[in-house]
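**Student:**
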Amino acid sequence: MTSVVEWGAREADALRAALRLTNEEFAEQLGVSVRSVAIWRKGGDAAISLQVQRIFDTVLESATNSQRARFAQLAGLSGAAGNADELRSRLDAATNLHSALGWLQSGRDDDAAAGVLAAAAQLDAAAGSRWRTAETDRSAVAKRLHQYYAAGFSDHWPVRVGLGDTDIDLTILSAGEWVGGPIDLQAGEGATRFAYDHAATVVPQPESDAWRRAAETRLAECLVQETRFVDGQLYRMTGWESQPDGVRTSFATGSFAQYALTVDLLEAETFAAAQSGNDELPLRDLMMPTVESVLAPGSRNCMGGALALTAFARPAQGPRPADFALLIQERGSKVLNASGRLAVIPKCFHEPTSEPTWEVSVGTSLARELEEELFGKAEVDTTLDTRRTIDPMHPDLLTGPMRYLTEAGSDAWSMECTGFGFNLLTGNYEFPCLVAVHDEEFWQRCGGDVESNWESERIILVSSQDEAGLRVLAHNPAWSDEGLFAFVLGLRRLHELHPERVALPHFEIGFTQ
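The opening residue of the sequence shown carries number 89 in the working numbering; numbering runs sequentially from there.
(1) Pair every Cβ in the stretch 120 to 138 with every Cβ in the stretch 151 to 164, then say whether three or more of these pairs are closer than 8 Å.
(2) Is the beta carbon of E596 less than 8 Å from the beta carbon of L395?
(3) Unbroken alpha helix (DSSP H) runs of length 4 or more, entirely within the stretch 99 to 185: which are they?
(4) How do the stretch 273 to 290 and the stretch 354 to 368 stand: do at least 3 beta-carbon pairs fall below 8 Å, yes or no?
(5) Looking at C-alpha atoms only, which residue of W531, D499, Y517, L522 is the closest neighbour of D488?
(6) Using DSSP's beta-bridge definition, name the partner residues of L338.
(7) Around the Cβ of T514, are there at least 16 other Cβ atoms within 10 angstroms (buried) or fewer (exposed)?
(8) Please classify S262: is it buried, with 16 or more other beta-carbons within 10 angstroms of its beta-carbon, or exposed?
(9) Below 8 Å on the Cβ atoms is my contact criterion, and I expect L307 with L175 to pass it. Report the Cβ-Cβ distance as a whole number of Å.
(10) Quick check on T398: buried or exposed, where buried means 16 or more other Cβ atoms within 10 Å of its Cβ?
(11) Excluding the five sequence neighbours on either side, which residues of its own chain have a C-beta within less than 7 Å of the C-beta of A201, listed in chain order?
(12) Report yes if the CB atom of A279 is closer than 8 Å to the CB atom of S449, and no otherwise.
(13) Does the distance from the CB of G451 to the CB of L273 come in under 8 Å?
(14) Can you find the residues in the same chain that come closer than 8 Å, C-beta to C-beta, to W245, ignoring five residues on each side of it along the sequence?
(15) If you draw a straight line from the C-alpha of T146 to the C-alpha of A182, how long is it?
(16) Buried or exposed: where does D253 fall if 16 or more other Cβ atoms within 10 Å of its Cβ makes it buried?
(17) Hey, how far is the Cα of K130 from the Cα of W299?
(18) Would you tell me roughly how many angstroms separate the C-alpha atoms of A105 and T315, rounded to the nearest one?
(19) Cα-Cα, which of L371, H526, I271 is closest to Y492?
(20) Does the stretch 329 to 340 come close enough to the stretch 226 to 234 to have 3 or more Cβ pairs within less than 8 Å?
(21) Please work out which residues of its chain come closer than 7 Å, Cβ to Cβ, to A528, disregarding the five sequence neighbours upstream and downstream, and give them in chain order.
(22) What three-state label does DSSP hand F437 in the structure shown?
(23) Taking 8 Å as the threshold (C-beta atoms), are L192 and L369 in contact?
(24) Using a Cβ-Cβ cutoff of less than 6 Å, which residues in the same chain neighbour A413 once the five nearest sequence positions on both sides are dropped?
(25) Going by DSSP, what residues sit across from G598 in a beta bridge?
(26) Taking R580 and S552 to be in contact with their CB atoms under 8 Å, please state how far apart those CB atoms are, rounded to whole angstroms.
(27) Ignoring anything shorter than 3 residues or poking outside the stretch 260 to 321, list the beta strand (DSSP E) runs there in chain order.
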């Protein structure tokens, strides 16, 4: 059992942090003044009386195993001092996490950094987050969430993809009018469907000890596993309205860190519950307990984005007829969402660069991400680095492939939104899209410049004429739900545009009712 030869300020504050108590709560439990606890937190060297040391011994003996493990790490006992000091140094140097840590610290008396370090000390950097891997049963997650929200489904239902004699239930909440027809993102009318909400209010921080522990663990994972994480502005959805010609949405700007430390935690909780068989989902109960709350994006940090099936027209070559080269990515281990899963590419957060009011169309984010994820442009993602370029899509800064498309005009390529939905798993909004380059000359001249960035572990290229290959790909269990949603909608739309180039497998898009 962990024991202390002589209690000092460091050990005293480590015990407080391990028990996750405020100064006042710790003082009350020990029967000492709040001032004494404050002195220990500052590292004061005043001697601690034998009476109080005996109280410390009793409190430590009655602590749980996890609390004692945290204490040993924080106090530097049992050979853990070097590791604790190393983690503290790493956290001090991880300036990319400081904004998130500051927000987590706001409104609380205890030390959020100590909680992060305690969680980090128990993580295995090599093992990673098991719940993030592609081994998690996607169907089990969908079933769990469908059961959780079953009583609230009415006008909006989870999407079901029928592939031959197999039905795949997704965690995407949508409606018939939301997947009924494409929206041209390059046309002025399409841009009017997205509006900036200048009157949006700030989403308050959750009030829950369980949430604070989960948020501390998220930052600890980012620290230990070196997940790419920097706070920045994202578009936060504040409302939506269904109209005969489709859905219209409104956005304000919000913090990536606040998103990552709130509703984005629901994915981890749900995957862990699906793996363990646990029925309890306390974070979901707190932040997104009903279908009504899912459909009320303004009540949470509802971030999300666009993801597009990208298709490049190619001339016939050898036995292969004229087709489209379709690109699918396996998400890398350093991304925050859908790590290890299959997705279409690009897949991006919807975010502004310089002018939030005028960049609110998801087409703006999609074009920018096409440059970064496929055309080799340097990263300008606000969640990954500090802003350097005022207008990253200025004509002088375009890559060769994007300049070719821009100069060729709308006949050469199209960018369409093929649907809309809310992800029950994460609470994110999802805009599945199709980016189709219709000009065969592009592939001849620029195909060699198409490359993926750090977000992709690997790229899968499949021909639109390979019906069997497309069928096998659609059945792959490694898909993220939003990825498969975008893939089937994009493939359906591509077949509508070029039926002679697409050998479309039979599938149906419906709803779980």
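Where is the CB? At the ideal position from N, CA and C, for every residue including glycine.
**Tutor:** Let me spell this out:
(1) No, the stretch 120 to 138 does not touch the stretch 151 to 164.
(2) no
(3) 111 to 118, 122 to 129, 138 to 149, 153 to 163, 169 to 181
(4) no
(5) The sequence as given places Gly at residue 488; Asp does not occur at that position. The candidate whose alpha carbon is nearest that of G488 is W531.
(6) Before going further, note that residue 338 is Ser rather than Leu in the sequence given. Partner(s): A283, G327.
(7) buried
(8) In the assembly as shown, S262 is a buried residue. Its beta-carbon has 16 or more other beta-carbons within 10 Å.
(9) The pair is not a contact, with the Cβ atoms about 12 Å apart (cut-off 8 Å).
(10) Buried is the call here.
(11) L179, L189
(12) yes
(13) yes
(14) Only residues of its own chain outside the window of five on either side were considered, and among them L261, S262, A263, F599, T600, Q601 have a CB closer than 8 Å to the CB of W245, listed in chain order.
(15) 36 Å
(16) exposed
(17) 26 Å
(18) Within the model, the alpha-carbon separation for A105 versus T315 is close to 25 Å.
(19) H526
(20) Contact check between the stretch 329 to 340 and the stretch 226 to 234: fewer than three CB pairs, one atom from each, fall below 8 Å, which does not count as touching.
(21) The question names Ala, but residue 528 is Glu in the sequence shown. Excluding positions up to five away in sequence, the list reads A401, R402, P403.
(22) strand
(23) no
(24) F400, R402, L549
(25) R248
(26) Contact doesn't hold; Cβ gap of about 12 Å is too wide.
(27) Segments of the beta strand (DSSP E) lying fully in the stretch 260 to 321: 282 to 284.
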